[in-house]
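Since the structure comes first, as structure tokens, the remarks are kept for the end.
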Ligand code: NAI
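In our numbering, the protein residues as written are 8 to 305.
Take a look at the structure:
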């Protein structure tokens, strides 16, 4: 067993500057870390920093953050255009596409760039942490650290040990989660872990009702919100998460459960993802966005 010290002096690399990567980078900078954000698409990390800056400005305007603190957080965030520029980071948090092979390839590169002392964390929603670590020289240094969307606001994180993960990494990550203002729970390395596994039928049954023309999108969402007490209905939530991200999670759980019919992907969701209707981030998913109130489109 190794000993791991992760604190505010640890420089953090975040890879993937989409919804989750940007949120995690902001969170780390707010907790005092120097953060380097990388995305494979040129300019994406810089655009993510602009979104973060707008969010921080909003916090200042609402009186939730002092202007000096905003400036300090912004100064700690750097967008980089080359993976090699992550050298010197002691913790890497991966938030790229929800597919096994790209994650494995990225971590193999990160091992080279960051050296033997770095801790590697994957924000995967559903993929086996053991599988992500497969082929690494130091699989014991990789762990699952699963945030929820939006990462800056949702309190919960799941911590997932793969077969090779060094057990000493777990308390170190719990301490860091606490320092970042999160409540961490240990989750088993099972398909979808805990939260995404329990949530699958929520989406699936909503999609089935839609396919069977039992009720339209907006009615299902409103009923679940108003009568069910859920913060969001299944379709609003898929639009927030990303229709294609949610589909990847379903596909991964379906595959990992030996194609258990309960987790079969929905044709409607597949068609939306194929057409680029990813939800809020693309301006259209189950709803259209841009106006104050999203209008149902299905
Ligand atoms: P996203 O699609 O918004 O962002 C992914 C980003 O990664 C994109 O900017 C893309 O250009 C970049 N990327 C793709 N391959 C890359 C590579 N090889 N190297 C560097 N950058 C790369 O996706 P999102 O929603 O941020 O999800 C990212 C990860 O976080 C996925 O594994 C997902 O399952 C997980 N996650 C997503 C949640 C959600 O609600 N969207 C919640 C919790 C976890």
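Quick reminder that beta carbons are idealized off the backbone N, C-alpha and C, glycines included.
Cβ-heavy atom distance, residue i to ligand 1, below 7 Å
i: residue 65; result: no
i: residue 201; result: no
i: residue 241; result: no
i: residue 166; result: no
i: residue 341; result: Since the first residue of the chain shown is 8 and the last is 305, residue 341 is not available in this structure.
i: residue 252; result: yes
i: residue 24; result: yes
i: residue 113; result: yes
i: residue 109; result: yes
i: residue 139; result: no
i: residue 132; result: yes
Enclosing alpha helix (DSSP H) for residue i [first to last residue]
i: residue 283; result: Neither: residue 283 is in no alpha helix (DSSP H) and is coded neither H nor E.
i: residue 59; result: 51-68
i: residue 83; result: 74-83
i: residue 137; result: 136-140
i: residue 211; result: 202-218
i: residue 224; result: 224-233
For residue i, the first and last residue of its enclosing beta strand (DSSP E)
i: residue 246; result: Here residue 246 belongs to no beta strand (DSSP E); instead the alpha helix (DSSP H) covers 241-248.
i: residue 151; result: 149-153
i: residue 19; result: 19-22
i: residue 237; result: First-last for residue 237: undefined, no H or E at that position.
i: residue 166; result: 163-167
i: residue 101; result: 98-101
Residue j beta carbon less than 8 Å from that of residue i
i: residue 101; j: residue 114; result: yes
i: residue 273; j: residue 211; result: yes
i: residue 281; j: residue 291; result: no
i: residue 156; j: residue 247; result: yes
i: residue 19; j: residue 35; result: yes
i: residue 127; j: residue 107; result: no
i: residue 60; j: residue 24; result: no
i: residue 13; j: residue 98; result: yes
i: residue 249; j: residue 26; result: yes
i: residue 203; j: residue 256; result: yes
i: residue 254; j: residue 240; result: no
i: residue 293; j: residue 192; result: no
Residue i Cβ short of 7 Å to ligand 3 heavy atom set
i: residue 59; result: No copy of ligand 3 occurs in the structure displayed; its ligands are ligand 1 alone.
Inter-stretch contact at 8 Å, needing at least 3 Cβ pairs: the segment 191-207 / the segment 160-171
The answer is yes - the segment 160-171 touches the segment 191-207, with three or more Cβ pairs under 8 Å.
Counting pairs of beta carbons, one from the segment 244-262 and one from the segment 180-194, are three or more of them closer than 8 Å?
Not touching, per the Cβ criterion.
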